[in-house]
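Residue numbers (the working numbering), protein chains in the order written: chain A, 1 to 113; chain B, 1 to 111.
Just so you know, even glycine gets a beta-carbon here, dropped at the ideal spot from N, CA and C.
Worksheet: the structure to be examined is printed underneath.
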């Protein structure tokens, strides 16, 4: 099945550094979502974006919905140890009958002390 | 308020067998979706149930079927298991069109 192109695949950073990851698609989506998944758990929603060009923050996290509706990025500022995990982007067409999410392969964030 | 719950937590089956996974949605949610997450991959959408009917389906064969009950809980059935069906199966619940909450998943291993 289709998966979005998410990069980088993994990141090794120092605590306190900023992090950037992005996601691209060949198709247009009406909603972009960013999730974090910890071991043994399901994905947890971090940020939802509903309009092209929208820039939204949630604490140290900032995400943008690309103007073409085919991409999105997520920034994490001043990383801390609990930011470790796998981050997934997901696109959604939305509307009746088109609610399923298309996910990227994930960015594995590793923080070195 | 309990979140999304799934059972069992882990399951081991052999090729050719059939399996049933269960999901109880978050209280008040009426829509359940199922996803398959292979190791090292992102979740892949299987199908979504609303008002006891399959409303949308991803690119999965007919061996994958489901059901939603009047209390909104759901089952995922997989027939004629293949080695490639080994994965984490995630259930997500929501109000129609709303934010999705994922359960912890069922880890299925096919030998």
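The three-state reading of DSSP puts residue 18(A) in coil, since its state is none of H, G, I, E or B. As the crow flies, the alpha-carbon of residue 8(A) is around 43 Å from that of residue 70(B). A straight-line Cα-Cα distance of about 17 Å links residue 68(B) and residue 62(B). Here residue 108(B) is near residue 19(B), since their CB atoms are less than 8 Å apart.
Interface with chain A (8 Å Cβ-Cβ cutoff): residue 64(B) is excluded.
Interface criterion not met: the Cβ of residue 81(A) is under 8 Å from no Cβ in chain B.
DSSP places residue 59(A) outside both helix and strand once states are collapsed to three, so it counts as coil. In the structure shown, residue 7(A) falls within a strand segment according to DSSP collapsed to helix, strand and coil.
Contact annotation: the stretch 100-108 of chain A touches the stretch 79-92 of chain A, with at least three C-beta pairs closer than 8 Å. Against chain B, the CB of residue 49(A) has no partner CB under 8 Å away; the residue lies outside that interface. Under the three-state reduction of DSSP output, residue 86(B) falls in the coil class, being neither helix nor strand. Look at residue 41(A): its C-beta is under 8 Å from a C-beta on chain B. For the stretch 88-103 of chain B, the beta-carbon criterion of a distance under 9 Å to any beta-carbon of chain A is satisfied by 88, 90, 91, 92, 94, 96, 97, 99, 100, 101, 102, 103.
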